[in-house]
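Numbering (our numbering), first residue to last: 2 to 371.
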């Protein structure tokens, strides 16, 4: 296995529109490696993927699915923005997946912002096991916000989610679809989902077992707040949530949502995510995450007008095609903190010191050719 690699402060614009390609692909068979302060966008079936890996770390990534035709492969295959796939013992921390595009015309692939998955494939590792997703955001993505699926291989096992936000998706905020054992979802905020907030698929032929849901907050979903069967749950406690169709749990303990990065929780009834500090090696540190490192450069590239036009991300193509962040003209930090319509808090309240300097004298990009 390729091992002990570091990729730091690097971005990629994908140009593979027809074959099965990922803009920023890790694997297969990578172990004991670090990918930090990275970003990926452009053409490709996925923006960022860890596939067939062991003991890797992805830290502080900004990723966006833009466009993939797929006519030389399987054009209706899923299009996740970030995928941890057939990977073991790895940590994904402070990942932002945002503003994914709709499917191209006559394409119908499933979409997820952030996904933990496994399947029977030719790699050495089958299924995903013992992975941690920490302090991450799925915002305004088509399909589902966050998803877990064991597929046809070994079940996804002991996947751990903490301090996660899924917001503004047309389907399920958090979807456990099949063949999963022991997923933990804690301190997670699900907001403005078009269907159910947190959903567990009920099909018995693909069992979902020993799930633990605790200290989660589901906010204003158009369908149910939660959907699950008792046999699927080992523990369900200290949660709050509501949807228009019911399944409301202790809404009196709902946090105030002035900022979804820092909800105002009820003392003693804490629910939802707080994303202020950096995770490093799976541990929440006291180092502030904001402002986002190298955000000026990332904005310059990911919102470049020529690149957006190449991948059809322009308003003239219809609803959902122009990325909300780019349309706003704001830095990533300001956009996320002001997303709910409130002015950004004083910088002294959300980070110490001055923004990280930009070490690049000129923009860079990596073109992945078909």
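Cβ atoms here follow ideal geometry from the backbone N, Cα and C, with glycine treated the same way.
- As a beta-bridge residue in DSSP terms, residue 284 pairs with 281.
- Residue 282 and residue 158 have their alpha carbons spaced roughly 20 Å apart.
- Assignment of residue 230 by DSSP, reduced to helix, strand and coil, places it in the coil class.
- When DSSP states are grouped into helix, strand and coil, residue 11 belongs to the strand group.
- The Cβ-Cβ distance between residue 132 and residue 117 falls below 8 Å.
- If you ignore the 5 residues before and after residue 226, its C-beta comes within less than 7 Å of the C-beta of 198, 219, 242, 243, 244, 248, 249, 250, all in its own chain and listed in chain order.
- Excluding its 5 nearest sequence neighbours in each direction, residue 192 has C-beta neighbours in its own chain below 6 Å: 168, 220, listed in chain order.
- Per DSSP, reduced to three states, the secondary structure at residue 309 is helical.
- Looking at the DSSP output, residue 70 bridges to nothing.
- Between residue 285 and the set 232, 136, 300, 100, the nearest pair of CA atoms involves 136.
- Within the same chain, and ignoring the five residues on either side of residue 321 in sequence, the residues whose Cβ sits closer than 6 Å to its Cβ are 103.
- In the DSSP assignment, residue 237 forms a beta bridge with 214.
- Under DSSP, residue 255 takes part in no beta bridge, so it has no partner.
- For the options 53, 58, 41, 24, the alpha carbon positioned closest to that of residue 6 is the one of 58.
- Between the alpha carbons of residue 152 and residue 208 lies a distance of about 11 Å.
- Pairing residue 300 with residue 333 gives a Cβ-Cβ distance under 8 Å.
- Of the residues assessed, residue 324 falls on the buried side of the cut-off, its CB having 16 or more other CB atoms within 10 angstroms.
- Membership of residue 303 in the alpha helix (DSSP H) is indicated by the continuous run 296-303.
- For residue 133, the enclosing beta strand (DSSP E) begins and ends at 133-135.
- For residue 49, the enclosing beta strand (DSSP E) covers residues 47-52.
- Nearest in C-alpha terms to residue 256, of all of 189, 224, 34, is 189.
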